[in-house]
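>
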Amino acid sequence: MSTLTSLSLFTSFVLIVLLLLPVALSSSRVQPIEALLSRLDSKRSSPSVQESAAKGVLQRLLPTHVHSFEFEIVPKDVCGGHSCFLINNSNQLSQDGPEIFIKGTSAVELTSGLHWYLKYWCGAHISWDKTGGIQKASIPNPGSLPPVKDEGIVIQRPVPWNYYQNVVTSSCKH
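Taken in order, the sequence shown gives residues -26 to -1, 1 to 148; the numbers are from mature numbering (1 follows the signal peptide of the UniProt record, and there is no 0).
(1) Just curious, the beta strand (DSSP E) that proline 44 is in, first and last residue?
(2) Kindly list the residues whose CB is nearer than 7 Å to the CB of glycine 97, restricted to its own chain and excluding five residues on each side of it in sequence; keep chain order.
(3) If you reduce the DSSP assignment to three classes, tell me which class isoleucine 100 lands in.
(4) Output needed for phenylalanine 75: all residues of its chain with C-beta closer than 6 Å, excluding positions within five of it in sequence on either side, in chain order.
(5) From the DSSP output, in three-state form, read off glycine 78 for me.
(6) Taking the alpha-carbon of lysine 123 as reference, which of Tyr91, Asn115, Lys29, Val82 has the nearest alpha-carbon?
(7) Can you give me the start and stop residues for the beta strand (DSSP E) that valine 128 sits inside?
(8) If the criterion is Cβ atoms closer than 8 Å, does the pair alanine 9 and alanine 81 meet it?
(9) With 16 other CB atoms within 10 Å as the buried threshold, where does threonine 79 fall?
(10) Can you grab the Cα-Cα spacing for the pair histidine 89 / tryptophan 95, in whole Å?
(11) Is the separation between the beta-carbon of histidine 41 and that of proline 116 shorter than 8 Å?
(12) Which residue or residues does DSSP assign as beta-bridge partners of cysteine 53?
(13) In this structure, does DSSP put leucine 60 in helix, strand or coil?
(14) Excluding the five sequence neighbours on either side, which residues of its own chain have a C-beta within less than 6 Å of the C-beta of serine 86, listed in chain order?
(15) Please say whether leucine 119 and glutamate 83 have beta carbons closer to each other than 8 Å?
(16) Should isoleucine 47 and glutamine 24 be called a contact, given that it needs their Cβ atoms to be closer than 8 Å?
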């Protein structure tokens, strides 16, 4: 075999390896992540405990609105296998019953749904930040919360988990 043919074969081999290597690596990385997510899901508290936890957050944040919201844990299948929350108007006609129904795949999703509703439908700003603080004055009284659109709202996480803060930079001095 000539040197030119050997070089051409070697170049072709290197190109094939370089093209196939990322595919092989990416599929091998998915399995450990899926296994980790499955293990984490199996360690979650029961739906009733998670719903109570979300209700507890609401009780501390807006004690006057405890009966205005209803929470329910739903399986990830409802959201195509991903974490999500869904917000709908409650079908109950009672003036002092729930007005907004929030479903989520975990307690974190339920409280994220509550935050999303208060931020985008009530214009409330809820934050740990000292400069902003909690601004709840724009939240209407119980019985007069703004309804969401009839088809409801679905917010799906683009990634399998999220972080509360960037712990590396939150303590940096500016």
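All residues carry an ideal CB built from backbone N, CA and C; glycine is no exception. Here the structure is a predicted model, which is why all the values come from computation and not from measurement.
In short, the structure shows the following:
(1) It should be pointed out that residue 44 corresponds to glutamate in this sequence rather than to proline. The continuous beta strand (DSSP E) containing glutamate 44 extends over residues 43 to 47.
(2) Excluding sequence neighbours, glycine 97 sits near Ser112.
(3) coil
(4) Glu44, Asn62, Ser64
(5) strand
(6) Tyr91
(7) Taken as a continuous stretch (DSSP letters only), the beta strand (DSSP E) holding valine 128 covers 127 to 130.
(8) no
(9) Burial call: buried.
(10) 10 Å
(11) yes
(12) Cysteine 53 is not bridged to any residue.
(13) strand
(14) Phe59
(15) Contact flag unset, no.
(16) yes
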